[in-house]
Each structure stands twice: as structure tokens, then as C-alpha cells.
Amino acid sequence: MPKSCSAWGCKNRCTRIARSRGITFHKFPKRVDIRKQWEVALKRNHFSATRASVLCSAHFRPEEFDCTGQTVRLRDGVIPSVFTFPAHLQKVGTLNYLNLRDIITYVNTL
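Remember, our numbering sits 1159 above the position in the sequence shown when you count from 1.
This is the structure:
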């Protein structure tokens, strides 16, 4: 069964056709702090990456790739930043107590 990109609304799947179009798939980092940043960047409620979770190359900027060898790799410490979110996830509202508490908890876990 082909792997699917974990990003919200992304339909890219790890298939021969996708690879022929130059789409690469990348596992979530093993480092817990970077993995958490990837999970937060996805803006998916209660999402926790598994060993099988991947993101496609569409969610990274071109300069974030290392293409010097035969394998396309992401540079160290890169966080996905290219997404097409629905309107309700794009709104930047005021922080309420719950959001502020979640942010403080997240920062303290780093």
C-alpha cells in the first residue's frame, strides 16, 4: 500500500507516477524536538506521527533540500512551511487562555 502525505488536504501518494513527477517523500525526524515542530506545522488536531508517517516534497522550499548525492534529502533542522490550509486554520485571532496555555506547555517541553 503506497504511503500518503500526512499534510492536511494533500493528495500526494508515494507511487511510481509521483516519483516520475519529482515528488519525494520524507519520514518525520527522529529527534523529538524537531518532530514536534513538524507536527505543529501541520495544524492537525491530535496528530502524532508514527514511524510510517511521511510528508511530500511539496511542503518544503527548494533551498531546504540537499541534492548533492543520488538521494534527495532534507537539510538538518528543516521545518515544513508550504501548506494550503482551509480558511479556519489561516485565521490569526487573539490568544485566549486555552491557546496561551497550550503554547506555554509546548515551549516548556522543548
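Beta carbons are placed, not taken as given, at the ideal position from N, Cα and C, and that holds for glycine.
For Val1213, the enclosing beta strand (DSSP E) covers residues Val1213 to Cys1215. DSSP places Ser1179 within a helical segment (H, G or I) once states are collapsed to three. For Ala1200, the CB contacts under 6 Å within the same chain, skipping 5 residues up- and downstream, are Ile1238 and Pro1239 in chain order.
Between Phe1187 and Ala1166, the CB-CB gap reaches or exceeds 8 Å. Burial is judged here by how many other beta carbons sit within 10 angstroms of a residue's own beta carbon; Ser1179 has fewer than 16 and is exposed. For Arg1232, the secondary structure class from DSSP, reduced to helix, strand or coil, is strand. Membership of Lys1195 in the alpha helix (DSSP H) is indicated by the continuous run Val1191 to Leu1201.
Between Phe1244 and the set Gly1236, Phe1224, Asp1235 and His1218, the nearest pair of CA atoms involves His1218.
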